[in-house]
Structures are given as structure tokens and as C-alpha cells.
Amino acid sequence: MRKIKILTVVGARPQFIKAAALSRAIKKFNNNSDSIKVEESIVHTGQHYDDNMSKIFFDQLKIPHPEINLEVGSGLHGKQTGMMLEKLEEVAIDKKPDWMLIYGDTNSTLAAAIAASKLHIPIAHVEAGLRSFNRKMPEEVNRVVADHLSRILLCPTDTAVKNLSNEGITDRVYQIGDVMYDSVLFNFKLAVGGSNIIEQLGLVSGQYYLATIHRAENTDEPQRLQNIINAFSQIDATIVLPLHPRTKNTLGVSLKKLAGNVLITAPVAYLDMLMLEKNASVILTDSGGVQKEAYWASVPCITLRDETEWIELVDAGVNQIAGADTAAILDAVEKVGQVADRLKSTNTRLYGDGNTAEKIVEKLVFSSSL
Ligand code: UD1
Ligand code: UDP
2 MRKIKILTVV GARPQFIKAA ALSRAIKKFN NNSDSIKVEE SIVHTGQHYD DNMSKIFFDQ
62 LKIPHPEINL EVGSGLHGKQ TGMMLEKLEE VAIDKKPDWM LIYGDTNSTL AAAIAASKLH
122 IPIAHVEAGL RSFNRKMPEE VNRVVADHLS RILLCPTDTA VKNLSNEGIT DRVYQIGDVM
182 YDSVLFNFKL AVGGSNIIEQ LGLVSGQYYL ATIHRAENTD EPQRLQNIIN AFSQIDATIV
242 LPLHPRTKNT LGVSLKKLAG NVLITAPVAY LDMLMLEKNA SVILTDSGGV QKEAYWASVP
302 CITLRDETEW IELVDAGVNQ IAGADTAAIL DAVEKVGQVA DRLKSTNTRL YGDGNTAEKI
362 VEKLVFSSSL
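Each residue of the sequence shown is one higher than the last, beginning at 2 in my numbering.
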């Protein structure tokens, strides 16, 4: 029997959600295969560590608990990434995996990519090829480096494939759809019976907005954050804001300045988030994942950034880029009716067929002799 050893590195909230779909697909593969078995070890860098940013996802999504938690915690980019790199190198030397599996564009992704490449461990990068073309974003730097170091590049969209091609990366690039769609399909059914967040918060379906804010470009720029808050205060609806700890820290005392229509909660569990998204009338966000979840939930999205990697949604007219400009956000709110009409006629398969995790496992198994 052939064994393929995978070292999965995660550290941030969206990576736990993506890794859950993969772990399920690995289990399924092993159940159906006698000749080849995939053995996955999960390492948590400790980048996210609050229970509601980490443990809650492992528990609710039944992700195998990480064998190792590096407990790196928060810090400046260099220090945080450096600590991860040092510890991941030790783990990788010890584990000798056939693949290092990395997700997205966080500092955990970057550290894992550097550690693996120096040890000549092939890297499989899920969510390869995304670009905002804004090098001031830490994520853009992380993903460019990770892509250029990866052995197989697992792209969610045709645009991602094209972006890689423009940088000269054309070998072992696969368009396999978005693993987050697998996750939404699987978990939405569970959320319907398993979450009572709408009742708990006293919300009425279709009569509130949902917002998330956590990007450095918004939280670290007081004027941008203020502009967003000003826009929120002029919206004639309840805005539910599950607050990322980064934003909570930045807002600090100014939390009190948030208008009465903003309902702040702690970060919520994934099933609760899916229900909040599905029942919202509008979603305002600077998150990558939440932009796509708005589309899958058929809810108009307003993106609180100056650009997006998920350009297909803008091209389809279902996501409006408003940046952090009060007037632009309010103008986008005025137009959500047209967006809702477009959502009714838009193909819901912009990001694959919901079997991306299985395709990733196949690529790991059948590329391992490359
Ligand atoms: C990180 C990723 C970002 C991703 C996001 C998902 C990088 C550079 N950024 O951003 O791409 O979209 O995760 O949510 O990797 N904090 C806590 N408790 C926690 C985690 C964070 O209090 O459990 C606070 C700390 O003050 C920390 C700050 O949040 O300094 C930022 O956390 P960090 O992981 O550095 O970046 P994120 O903004 O979460
Ligand atoms: N999410 C969650 N609870 C929250 C906020 C977000 O479960 O309180 C989920 C959300 O549904 C999506 C993912 O976290 O699947 C997005 O993570 P985040 O916005 O932190 O990061 P990004 O996608 O921007 O990298």
C-alpha cells in the first residue's frame, strides 16, 4: 500500500473552514481506496487563538484537532512570520511529508511556503493565482511569494489561472473551483437546523444588513474606518456587525460612537455566520470569503475595499466596490435593488461545482510522483 503524507498548515479563521472540506475529502478518498492512503497531519500556527476565532471552528466543523499548535500568536509581520518559519521548519524536518498543503494568503501561508521550499518539500497551494494588484496589502505579498514557490497551483477561477500565466507560471496550474463553495453547500444544510442566531439576536429575515470589517487597510487607517462608520450610521436598517478582534482593538473607545442601528456581536461560529448571511438583505464587507458567500446566499454585496480578487462578481454586477468612501457606500446601498434582480438571473456556478476538495485530493495523489 502506498502512503501519501500531507502536512497541512493553517492559522487563520478562513483556513480552518477550507481545511475542514479537505479533511472530509481525504477521509472519503481513504474509504474508497485500498492501494493508496492519504495521511494528513494538521499544524496550527496559532495565528488566530481566541476560542471564537479558532477552537469553535475545529469543534463545529469536526476538523481533526491539530497535532501541533505552534502558538505563535499575534505580532508584527516579520516577527510573527519568522517565528512560524522557525517552528514549521522543525516540524517539516520531523514529519518529512510528501506535500505541504497551504491555503490562501495569510502570514501562516507565507511561512509554510518558505519553510517547505527550503527543505525541497513540494507545496500545494489552494487559492493560487488570486491578485488584487495592490502590493500594500500584506496578503498580496504573501500570495505572490507562495505561488512562485508552489509545485502545484490550485486555482479557484479562470482569472487566477490567467494571473499566474501573466507572471510566467503555466506548469501544473489547475482550475478546480473554490473549496469554500464545497463548504457552503455542506454546512448550509446543517446551519438551517443547527443555528438559532436569527432568533437569538431578535432579527427578522430580510430586514437587516450584515457587515464585517477586518482588513488592515480599513482598521489601520482611522479616516477610512470613520468613513465606513459614518455610512453605517446613515443606513436606515439594523446592521449586524460580528466584530473581528483586530477591529475591536482599533475601534476601542470609539465603539461607543457607533450609531444605535449597529448591532455588535463577538465573532460568530460558521453555521451562525451562514444563517446571518442567508437572511440578510445586504452584506457589506471587506472579507474575501464573505464576498463569495454573499453571492452563494443570493444577497447583494457591497465591498468595503478599493479592489477585489473576486472580480467575476463585480463583472456579473452582483458585487459593488465602494471602498471606504461614505458617499460611495450610500450610493451602492441605493442600487441594491438592481443587484438583487441580477442575482436572480446569474449563474450560481461561477466557482466550480462544489467538488473542489475531492479534486484537490486527486491532484495530491496523482501529482505526487512528479
Ligand atoms: C489575518 C490575515 C488575513 C485574513 C484574516 C482572516 C495576514 C497578514 N492576515 O488577518 O489575510 O483575512 O486573518 O480573519 O495573515 N487577534 C486577537 N485574537 C485572535 C487573532 C487576532 O485578538 O485570535 C487580534 C490581535 O490584536 C492581532 C490582530 O487581531 O494583532 C490581527 O490578527 P492577525 O492574525 O495578525 O491578522 P488578521 O487581521 O486577523
Ligand atoms: N466568518 C465566521 N464568523 C464571523 C465572521 C466570518 O464564521 O464572525 C467566516 C465567514 O463565513 C467566512 C470566513 O469566516 O467563511 C471569512 O473569514 P475572514 O473574513 O476572517 O477572512 P478572509 O476571507 O477575508 O480572508
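The beta-carbon is built from N, C-alpha and C at its ideal position, and this holds for glycine as well.
Check	Outcome
Cβ-Cβ separation, valine 366 to valine 11 (assumed contact under 8 Å), whole Å	Actually they do not touch by this definition, with Cβ atoms about 21 Å apart.
Distance CB(tyrosine 182)-CB(threonine 357) smaller than 8 Å	yes
Continuous alpha helix (DSSP H) stretch holding arginine 3: start and end	No alpha helix (DSSP H) contains arginine 3, which is instead part of the beta strand (DSSP E) from 3 to 11.
Three-state secondary structure assigned by DSSP to histidine 149	helix
Pairwise C-alpha distance: threonine 266 and leucine 242	6 Å
Sheet register partners of proline 243 (DSSP bridge)	Thr266
Inter-stretch contact (C-beta, 8 Å, three-pair minimum) for the stretch 112 to 126 and the stretch 86 to 104	yes
Nearest-angstrom beta carbon gap, asparagine 231 and threonine 304 [assumed within contact, 8 Å]	Not really, about 17 Å apart at Cβ, beyond 8 Å.
Residue range of the unbroken beta strand (DSSP E) whose run includes glutamine 16	Element bounds for glutamine 16: not the beta strand (DSSP E) but the alpha helix (DSSP H), 14 to 33.
Short Cβ contact (8 Å threshold) for glycine 353 with isoleucine 177	yes
Alpha-carbon spacing of arginine 14 relative to aspartate 342, whole angstroms	32 Å
Any non-hydrogen atom of the ligand UDP closer than 7 Å to serine 126 Cβ	Residue 126 is actually histidine in this sequence, not serine. Not under cutoff, so the answer is no.
Beta-carbon spacing of tyrosine 296, asparagine 188 below 8 Å	no
Residue range of the unbroken alpha helix (DSSP H) whose run includes isoleucine 115	108 to 119
Glutamine 321, DSSP secondary structure in three states	strand
Heavy atom of the ligand UD1 within 7 Å of arginine 132 beta-carbon	no
Spatial neighbours of isoleucine 214 in its chain, beta-carbon cut-off 6 Å, leaving aside the 5 residues before and after	Thr248 and Asp287
Same chain, Cβ closer than 7 Å to arginine 144, neighbours up to 5 away in sequence not counted	Asp106 and Leu131
For glutamine 81 and methionine 53, believed in contact at Cβ under 8 Å, the rounded distance	First, the residue type needs correcting, since residue 53 is asparagine and not methionine in the sequence shown. Contact flag wrong, Cβ pair sits at about 20 Å.
Classification of glutamate 294 by the beta-carbon crowding that lies within 10 angstroms, buried from 16 upward	buried
CB contact flag (leucine 211, alanine 260, <8 Å)	no
Cβ-heavy atom distance, asparagine 135 to the ligand UD1, below 7 Å	no
CB contact flag (glutamate 125, lysine 360, <8 Å)	It is worth fixing the name first, because residue 125 is alanine in this sequence and not glutamate. Contact flag unset, no.
Alpha helix (DSSP H) segment containing glutamine 339, residue limits	337 to 346
Beta-carbon gap between leucine 71 and lysine 56 smaller than 8 Å	no
Cα-Cα separation between alanine 217 and glycine 195, rounded to whole angstroms	33 Å
Beta-carbon gap between tyrosine 104 and glycine 74 smaller than 8 Å	no
Threonine 213 CB to nearest heavy atom of the ligand UDP below 7 Å	yes
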